[in-house]
Amino acid sequence: MRAEQLSIFLENKAGSIAEVTAILRDAGVNIRALSLADTTDFGVLRMIVDNVNKAEQALTT
1 MRAEQLSIFL ENKAGSIAEV TAILRDAGVN IRALSLADTT DFGVLRMIVD NVNKAEQALT
61 T
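When we follow the working numbering, the leftmost residue of the sequence shown carries the number 1, and every step to the right adds one.
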C-alpha cells in the first residue's frame, strides 16, 4: 500500500486546524492520520488522506 503525505504550513493561532479540517470535510475527504509540529509562530500539519488529489484541489481553491 502506498501513502502520500500532505504537509501544510499554518499560522499558530486558534482555529487554524479547524479551518483546514472543515475544508476537507466539505470536500468529502477523510483524514486517515495526522500529526502536528508547532512552534510559537507557525505549525506544520501533516496528514494522510483517502484522496490526495481531491484534498489538494480543495485546499488550493
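Just so it is clear, CB atoms sit at the ideal spot from N, CA and C, and this is done for glycine as well.
Considering only DSSP beta bridges, list what serine 35 is partnered with.
Arg46
If we ignore side chains and look at the alpha-carbon of each, how far apart do valine 62 and serine 35 end up?
Residue 62 falls outside the range modelled here, since the chain spans only 1 to 61, and no answer is possible.
Could you check what DSSP says for isoleucine 11 in three-state terms: helix, strand or coil?
Note that residue 11 corresponds to glutamate in the displayed sequence, not to isoleucine. In this structure, glutamate 11 counts as strand in the three-state DSSP scheme.
Give a yes or no on whether the C-beta atoms belonging to serine 16 and leucine 10 are separated by under 8 Å.
yes
To the nearest whole angstrom, what separates the beta carbons of serine 7 and arginine 32, a pair I think is in contact under 8 Å?
Not really, about 15 Å apart at Cβ, beyond 8 Å.
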